[in-house]
Amino acid sequence: MDEFMSKPIERKKLEAYMSKYLKKKDNPDDHFHYSDFLEALGGDRELVQKMMSVSKTDMKEKLEALEKAVTGKDIRQVAVLAHYIKGGALTARYKELAKIAAQIEIQAKEGVSEGLEDRLTELEKEWENVLRVLDQVI
Numbered sequence: 034m035d036e037f038m039s040k041p042i043e044r045k046k047l048e049a050y051m052s053k054y055l056k057k058k059d060n061p062d063d064h065f066h067y068s069d070f071l072e073a074l075g076g077d078r079e080l081v082q083k084m085m086s087v088s089k090t091d092m093k094e095k096l097e098a099l100e101k102a103v104t105g106k107d108i109r110q111v112a113v114l115a116h117y118i119k120g121g122a123l124t125a126r127y128k129e130l131a132k133i134a135a136q137i138e139i140q141a142k143e144g145v146s147e148g149l150e151d152r153l154t155e156l157e158k159e160w161e162n163v164l165r166v167l168d169q170v171i
């Protein structure tokens with residue numbers, strides 16, 4: 034930690050500095066925002082459970098297909114699948130999953146295949162986080 038902050042201290046600079054050194058607390062709402070999804074479905078808890086069941090199956094299939102597309106260097110299919118995953122994640126209120134899928138989609142649409150494997154790994158880890166939260170919530 035050789036960095037320093039000069040005076041006067043500004044809030045934004047301090048927050049940026051501190052975020053480098055303080056570990057962010059894992060917030061379940063970053064992975065799945067249950068209350069938003071419940072509200073979007075009119076408070077119907079049974080419907081939420083059914084939708085989550087469908088979502089789990091669908092996302093698993095799409096993630097497997099995305100992995101094949103990334104491995105096969107099919108950049109066009111990567112963009113299509115990432116877009117689909119992003120849309121499904123936004124609908125189901127999987128905030129961080131949607132964010133990562135959007136990054137993959139943009140990268141693929143720009144034709145940049147370098148680093149897609151790393152992004153895919155990040156997406157798969159986030160899906161594991163989503164599943165963990167779903168198991169706790171539902």
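Going by the numbering used here, the sequence shown opens with residue 34, and the numbers climb by one from there. The C-beta atom is built at its ideal place from N, Cα and C for all residues, glycine as well.
Here LEU80 is exposed: its Cβ has fewer than 16 other Cβ atoms, across all protein chains shown, within 10 Å.
Contact check between the segment 132-139 and the segment 112-124: three or more CB pairs, one atom from each, fall below 8 Å, which counts as touching.
Of the candidates PHE70, LEU123, LEU96, the residue whose Cα lies closest to the Cα of GLU157 is LEU96. When the beta-carbon positions are compared, ALA102 and GLU138 stay at least 9 Å from each other.
With respect to the 9 Å criterion, LYS128 and PHE65 are classified as neighbours on the basis of their beta carbons. Spatial neighbours of GLU100 in its own chain (CB-CB distance under 7 Å, excluding positions within 5 residues in sequence) are listed in chain order as LEU153.
Counting other Cβ atoms within 10 Å of its Cβ, ARG126 reaches 16 or more and is therefore classed as buried.
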